[in-house]
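Heads up: the sequence lines are chains A and C, in that order. The first sequence begins at 12 in our numbering and counts up one residue at a time. The second sequence begins at 767 in our numbering and counts up one residue at a time. Input: a single structure, listed below in structure tokens.
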Amino acid sequence: GAVVSQHPSWVICKSGTSVKIECRSLDFQATTMFWYRQFPKQSLMLMATSNEGSKATYEQGVEKDKFLINHASLTLSTLTVTSAHPEDSSFYICSAGRLADYEQYFGPGTRLTVT
Amino acid sequence: DQQVKQNSPSLSVQEGRISILNCDYTNSMFDYFLWYKKYPAEGPTFLISISSIKDKNEDGRFTVFLNKSAKHLSLHIVPSQPGDSAVYFCAAPPRAGGTSYGKLTFGQGTILTVHP
Numbered sequence: 012g013a014v015v016s017q018h019p020s021w022v023i024c025k026s027g028t029s030v031k032i033e034c035r036s037l038d039f040q041a042t043t044m045f046w047y048r049q050f051p052k053q054s055l056m057l058m059a060t061s062n063e064g065s066k067a068t069y070e071q072g073v074e075k076d077k078f079l080i081n082h083a084s085l086t087l088s089t090l091t092v093t094s095a096h097p098e099d100s101s102f103y104i105c106s107a108g109r110l111a112d113y114e115q116y117f118g119p120g121t122r123l124t125v126t
Numbered sequence: 767d768q769q770v771k772q773n774s775p776s777l778s779v780q781e782g783r784i785s786i787l788n789c790d791y792t793n794s795m796f797d798y799f800l801w802y803k804k805y806p807a808e809g810p811t812f813l814i815s816i817s818s819i820k821d822k823n824e825d826g827r828f829t830v831f832l833n834k835s836a837k838h839l840s841l842h843i844v845p846s847q848p849g850d851s852a853v854y855f856c857a858a859p860p861r862a863g864g865t866s867y868g869k870l871t872f873g874q875g876t877i878l879t880v881h882p
């Protein structure tokens, strides 16, 4: 149990376009999901906390108008990278936690390449 | 402020030997710790955890030790296998009432390479 999926697993887009990444908890309900970004050879950087039915909470330095997060249901959160630029190219990972334990369950990640 | 630190960016070990990955923390309010393993281009997977009421937790080849007075924990892998080669992160959630969770604070990660 506690499976989290992400779609797509990789995406290539042109500069200036927008890309949506989905994160789903497949077998549990997640009132809170987290979005991370990982640059090569670096640690996971928390971008924002996605709360079901309310606005996301963004970490310092993360542009909320550029990285739109929507958590419309207890099993789905989406991250939209708007007006993507090459510097947005990165590995994006979501996670979700169950209320029953401290663990967070991570999705497999999405590789975004902006050309 | 890096509240969870992994000071060794990389570790190289021979197959069959012990791998010891270290993690230090500064926030004395942390009372639960997790280790995650991450392969390239994949999301982290949970490996093992430890509560502050314990000083050791063992699961097969993996053992985590916690030294609260030193604010230090370590992950021991024995015997190490080539398939263990990955990035290992230690992490801590905020203190909570036991049934909730919050955003994890991650260490920087340690790249473990196990040579055949």
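Here a beta-carbon is modelled for each residue, glycine too, at the ideal position from N, C-alpha and C. Remember, it's a predicted structure, so these values are computed and weren't measured experimentally.
Cα-Cα separation between residue i and residue j, rounded to whole angstroms
i        : j        : result
A/Ser101 : A/Val22  : 10 angstroms
A/Pro19  : C/Ala836 : 43 angstroms
C/Asn716 : C/Leu777 : Absent from the model: residue 716 of chain C. The displayed extent of chain C is 767 to 882, so no value can be given.
A/Gln115 : A/Ala107 : 5 angstroms
C/Ala807 : A/Leu123 : 11 angstroms
C/Asp797 : C/Asp821 : 11 angstroms
C/Ala857 : A/Ser54  : 11 angstroms
A/Ser36  : A/Arg48  : 19 angstroms
C/Tyr805 : C/Gln780 : 19 angstroms
C/Asn793 : A/Pro119 : 29 angstroms
A/Cys34  : C/Gly826 : 31 angstroms
A/Lys66  : A/Asn81  : 8 angstroms
C/Ser817 : A/Thr60  : 24 angstroms
A/Thr126 : A/Cys24  : 6 angstroms
C/Thr879 : C/Phe872 : 20 angstroms
A/Glu70  : A/Trp46  : 10 angstroms
C/Asp850 : C/Ser774 : 17 angstroms
Nearest candidate by alpha-carbon position, reference residue i, set the options
i        : options                                : result
A/Cys105 : A/Phe39, A/Val14, A/Met44              : A/Met44
C/Pro859 : C/Gln768, C/Leu787, C/Leu777, C/Leu800 : C/Leu800
A/Thr42  : A/Gly118, A/Thr86, A/Val125            : A/Thr86
A/Gly72  : A/Phe39, A/Leu79, A/Met58              : A/Met58
A/Gly27  : A/Ser94, A/Phe117, A/Phe50             : A/Ser94
C/Leu896 : A/Val14, A/Ser65, A/Met56, A/Ala13     : Absent from the structure is residue 896 of chain C, since the part of chain C shown begins at 767 and ends at 882.
A/Arg109 : A/Thr126, A/Leu79, A/Lys25, A/Asp38    : A/Asp38
A/Phe78  : A/Thr126, A/Val125, A/Ser29            : A/Ser29
C/Glu824 : C/Asn833, C/Lys834, C/Leu813           : C/Leu813
C/Asn833 : C/Asp790, C/Pro848, C/Tyr802           : C/Asp790
C/His881 : C/Ala852, C/Pro848, C/Tyr854, C/Val853 : C/Pro848
Where residue i sits in the DSSP three-state scheme
i        : result
C/Gly873 : coil
C/Glu808 : coil
A/Asp99  : helix
C/Asp850 : helix
C/Thr865 : Bear in mind that a pLDDT of 35 at C/Thr865, under 50, signals an unreliable position, so the model cannot answer this.
C/Asn885 : Only positions 767 to 882 of chain C appear in this structure, which leaves residue 885 of chain C out of reach.
A/Ser88  : strand
Own chain, CB closer than 8 angstroms to residue i, minus 5 neighbours either side, in chain order
i        : result
C/Ile784 : His842, Ile843, Val844, Pro845, Ser846
A/Ile32  : Gln17, His18, Pro19, Val22, Thr89, Leu90, Thr91, Val92, Tyr103, Cys105, Thr121, Leu123
C/Thr865 : In this predicted model, C/Thr865 has a pLDDT of only 35, less than 50, meaning its place in the structure is not dependable enough to derive any value.
A/Val14  : Ser36, Leu37, Asp38, Tyr116
A/Asn62  : Thr42, Thr43, Thr68, His82
C/Lys771 : Cys789, Asp790, Tyr791, Thr792, Gly873, Gln874
Per DSSP, cross-strand counterpart(s) of residue i
i        : result
A/Gln40  : Answer by DSSP bridge pairing: none, since A/Gln40 is not bridged.
A/Ala13  : Note: A/Ala13 sits in no beta bridge, so no partner.
C/Glu824 : C/Thr829
A/Gln115 : A/Gly108
C/Asn788 : C/Ser840
6 angstroms Cβ shell around residue i - same chain, five flanking residues per side excluded
i        : result
C/His838 : Asp790
C/Thr829 : His842
C/Phe831 : Lys822, Ser840
C/Ser815 : Leu800
Residue i: CB within 6 angstroms of a non-hydrogen atom of the ligand ATP
i        : result
C/Gln768 : The ligand ATP is not among the ligands present in this structure, which contains no ligands whatsoever.
Spatial neighbours of residue i in its chain, beta-carbon cut-off 7 angstroms, leaving aside the 5 residues before and after
i       : result
A/Asp99 : Val92, Leu123, Val125
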